[in-house]
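**Student:**
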């Protein structure tokens, strides 16, 4: 039994740590009672020996805890491990406190919903899984509050009270006015001026790409190779197309290296498809246990650049990772890519601890490590639209404020008397406009 378990552990847990082409499994998730019983005695002895050796390095309270209570705990656990009728092997076992909580004595409250949770669903594209299936890149969250006997206050009530306790900001704009302005800027009949069907000179970088996606001109798919089942022909064609795009756009990168990573089952690629062919993509590897994703390759074919595809591609990747609860990107950018990554929110200041990524990501000579922290409350593919609308709201509010100031003041005459400068706050009417020093 031990030899069989050791062989399985070697093949599924140990060797895949340094052989990327093999799928890796956590020991605690794929092994159970048999392995634990075969190694527990040795493990217990080693733990106690290590505790005795390091006792002088521990604080006094922790030393007392480990040397006094830890051996007793291990002895009790050993009895349960080797007992046939131990409740630790019963998945349906409920302790006394768990039974009373089912009767309603113990209050259980679901976590409150995150304010401003986004809902993202792209009709024109789907996210392909390595097995050939597709999932829509939606990110929805909902939470319900269950009333329980003995509950003093519902979460909704406490949330309302918290809102009431918040001090009102001086000069804050009433919601009625905001809603009125919103109805104005979203009503074509109320907005005078030239038609805005065409892109202006000040449009966001990804505006053209967003419109093309809505019309179905371009699509975004997450694709990857698989060892479990044979990928369909379309995915294999896309992977070959991605390999060609990366090879042409990254000439200093060895083609064999690009091929190995694109077809590696542990790597995925967000592919940009136009007219049925690959014109760009971002190859990445997710490390869920470490809380980050490494971006390996990022490229758009040369004749399709400067169209906002790179920005929109990165925004789709951000929303895909928010859906999978990974909120940090890391990448090594060469001198030509640093500008692009800065525009996408990347910085040389890495937010996650170094111990989280050292030994996990690939190091490139002459490249700069950059990171990006994602905000799960931001709908990245619509972010520029939201900012544009916010600017329009502010502009309309300023116009309304200016229209309310009807009083006309005479011009400044002090400069005729030889005065070179005056404080801004001394200008008549300046404070009435809302200006503050």
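Numbering (full-length UniProt numbering), first residue to last: 1 to 437. Yeah, the Cβ is synthetic: ideal placement off N, Cα and C, and Gly gets one too. Owing to the predicted nature of the structure, the values given are computational and were not obtained by experimental measurement.
1) To the nearest angstrom, report how far apart residue 323 and residue 376 are at their CA atoms.
2) Can you check the region 229-291 for any alpha helix (DSSP H) of at least 4 residues that lies completely inside it and give the ranges in chain order?
3) Would the beta-carbon of residue 369 fall within 7 Å of that of residue 332?
4) Return the Cβ separation of residue 396 and residue 20 in integer angstroms, given the expectation that the two are a contact with Cβ distance under 8 Å.
5) With a cut-off of 8 Å on the beta carbons, I'd call residue 263 and residue 239 a contact; round off their distance for me.
6) Where residue 351 and residue 271 are concerned, what is the direct C-alpha to C-alpha distance, given to the nearest angstrom?
7) Which class does residue 324 belong to by DSSP, given the choice of helix, strand or coil?
8) Can you grab the Cα-Cα spacing for the pair residue 318 / residue 346, in whole Å?
9) So, with DSSP's three-state summary, where would you put residue 88?
10) Quick check: the Cα distance between residue 15 and residue 64, rounded to an integer number of angstroms?
11) Tell me whether residue 223 sits in a helix, a strand or coil according to DSSP, three-state version.
12) Can you name the residues that DSSP bridges to residue 333?
13) Between 430, 247, 392, which lies nearest to residue 407 when the distance is taken from Cα to Cα?
14) Let me know the secondary structure DSSP gives residue 300 once reduced to three states.
15) For residue 409, count neighbouring Cβ atoms within 10 angstroms of its own Cβ and tell me buried if that reaches 16, exposed if not.
16) Distance check for residue 327 and residue 433, CA to CA, integer angstroms please.
17) Give me the DSSP bridge partner(s) of residue 295.
18) Pull the bridge partners of residue 457 from the DSSP assignment, please.
19) For the alpha helix (DSSP H) that contains residue 37, what are its first and last residues?
20) Put residue 218 into one of helix, strand or coil per three-state DSSP.
21) Taking 7 Å as the limit between beta carbons, can you name the residues of its chain near residue 260, skipping five residues before and five after?
22) Can you look up residue 22 in the DSSP assignment and give me helix, strand or coil?
23) Please classify residue 210 as buried or exposed, where buried requires at least 16 neighbouring CB atoms within 10 angstroms.
24) With distance defined between alpha-carbon atoms, name the residue in 313, 36, 412, 72 nearest to residue 278.
25) For residue 307, count the other beta carbons within 10 Å of its own beta carbon; 16 or more makes it buried, fewer makes it exposed. Which is it?
26) For the candidate residues 359, 207, 26, whose alpha-carbon lies nearest to that of residue 381?
27) Determine the contact status of residue 236 and residue 269, defining contact as a CB-CB distance below 7 Å.
28) Thinking C-beta only, is residue 360 closer than 7 Å to residue 290?
29) In this structure, does DSSP put residue 435 in helix, strand or coil?
30) Is it buried or exposed for residue 70, if we count other Cβ within 10 angstroms and need 16 for buried?
31) Alpha carbon to alpha carbon, how far is residue 60 from residue 348?
32) Mind checking residue 34: buried by the 16 CB within 10 Å criterion, or exposed?
33) Using 8 Å for Cβ pairs, my map puts residue 357 next to residue 292. What's the rounded Cβ distance?
34) Going straight from the alpha carbon of residue 402 to that of residue 435, what length do you get?
35) Going along the chain, which residues of its own chain have a beta-carbon closer than 6 Å to the beta-carbon of residue 247, five neighbours each way excluded?
36) Quick one: what does DSSP say residue 420 is sitting in, helix, strand or coil?
**Tutor:** Reading it off the structure:
1) Position 323 of the chain shown, counted from the first residue, corresponds to residue 323. Position 376 of the chain shown, counted from the first residue, corresponds to residue 376. If I take the Cα positions, the gap works out to 8 Å.
2) 233-249, 255-262
3) Taking the chain shown and counting its residues from 1, one reaches residue 369 at position 369. Taking the chain shown and counting its residues from 1, one reaches residue 332 at position 332. Result yes, Cβ atoms of residue 369 and residue 332 sit closer than 7 Å.
4) Residue 396 sits at position 396 when you count from the first residue of the chain shown. Residue 20 sits at position 20 when you count from the first residue of the chain shown. Contact doesn't hold; Cβ gap of about 55 Å is too wide.
5) Stepping through the chain shown from its first residue, residue 263 is reached at position 263. Stepping through the chain shown from its first residue, residue 239 is reached at position 239. Contact flag correct, Cβ pair sits at about 6 Å.
6) To locate residue 351, count along the chain shown from 1; it is residue 351. To locate residue 271, count along the chain shown from 1; it is residue 271. Straight-line Cα distance between these residues: approximately 27 Å.
7) As a position in the chain shown, residue 324 is number 324, starting the count at 1. DSSP places residue 324 in coil when its eight states are reduced to three.
8) The sequence position of residue 318 within the chain shown is 318, counting from 1. The sequence position of residue 346 within the chain shown is 346, counting from 1. So the alpha carbons of these two residues sit roughly 12 Å apart.
9) The residue labelled residue 88 in the question sits at position 88 within the chain shown. Reduced to three states, the DSSP call for residue 88 is helix.
10) In the chain shown, counting from the first residue as 1, residue 15 sits at position 15. In the chain shown, counting from the first residue as 1, residue 64 sits at position 64. Taking the straight line joining both Cα atoms gives about 38 Å.
11) Sequence index remark: in the chain shown, residue 223 carries index 223 (1-based). Reduced to three states, the DSSP call for residue 223 is strand.
12) The residue given as residue 333 occupies position 333 in the chain shown. Answer is 368, bridged to residue 333.
13) Residue 407 sits at position 407 when you count from the first residue of the chain shown. Out of 430, 247, 392, 430 has the C-alpha closest to the C-alpha of residue 407.
14) Translated into positions along the chain shown, residue 300 becomes position 300. Strand at residue 300.
15) For the purposes of this step, residue 409 is identified with residue 409 of the chain shown, where counting begins at 1. Answer is exposed; the Cβ neighbour count stays below 16.
16) Residue 433 sits at position 433 when you count from the first residue of the chain shown. Residue 327 sits at position 327 when you count from the first residue of the chain shown. Each residue's Cα considered, the two are about 42 Å apart.
17) Numbered from 1 along the chain shown, position 295 holds the residue referred to as residue 295. Bridge partners of residue 295: 284, 331.
18) Not covered by the structure: residue 457. The range shown for the chain is 1 to 437.
19) Stepping through the chain shown from its first residue, residue 37 is reached at position 37. Here the alpha helix (DSSP H) through residue 37 covers 33-53.
20) If you number the chain shown from 1, residue 218 lands on position 218. Strand.
21) By 1-based counting over the chain shown, the position of residue 260 is 260. For residue 260, where only same-chain residues beyond five positions count, there are no Cβ hits under 7 Å.
22) Along the chain shown, one-based indexing puts residue 22 at 22. Reduced to three states, the DSSP call for residue 22 is coil.
23) In the chain shown, the residue the question calls residue 210 occupies position 210. Residue 210 should be labelled buried.
24) On the chain shown, position 278 is the one that residue 278 refers to. Looking at the Cα atoms, 313 is the closest of the given residues.
25) Residue 307 sits at position 307 when you count from the first residue of the chain shown. By the 10 Å Cβ count, residue 307 comes out buried.
26) Stepping through the chain shown from its first residue, residue 381 is reached at position 381. Nearest C-alpha to residue 381: 207.
27) Sequence index remark: in the chain shown, residue 236 carries index 236 (1-based). Sequence index remark: in the chain shown, residue 269 carries index 269 (1-based). No.
28) Counting from 1 along the chain shown, the entry for residue 290 is found at position 290. Counting from 1 along the chain shown, the entry for residue 360 is found at position 360. It is a contact, given that the beta carbons lie within the stated cut-off.
29) For the purposes of this step, residue 435 is identified with residue 435 of the chain shown, where counting begins at 1. Residue 435 falls in the coil class under three-state DSSP.
30) Along the chain shown, one-based indexing puts residue 70 at 70. Label assigned to residue 70: exposed.
31) Within the chain shown, residue 60 is the residue found at index 60, counting from 1. Within the chain shown, residue 348 is the residue found at index 348, counting from 1. For residue 60 and residue 348, the distance between alpha carbons rounds to 41 Å.
32) Within the chain shown, residue 34 is the residue found at index 34, counting from 1. So residue 34 counts as exposed.
33) Against the chain shown, residue 357 aligns to sequence position 357. Against the chain shown, residue 292 aligns to sequence position 292. 6 Å between Cβ atoms; contact.
34) Taking the first residue of the chain shown as position 1, residue 402 is located at position 402. Taking the first residue of the chain shown as position 1, residue 435 is located at position 435. So the two alpha carbons sit approximately 12 Å from each other.
35) Your numbering for residue 247 matches position 247 in the chain shown. So the list reads 255, 258, once near-sequence residues are dropped.
36) Mapped onto the chain shown, residue 420 falls at position 420. Reduced to three states, the DSSP call for residue 420 is coil.
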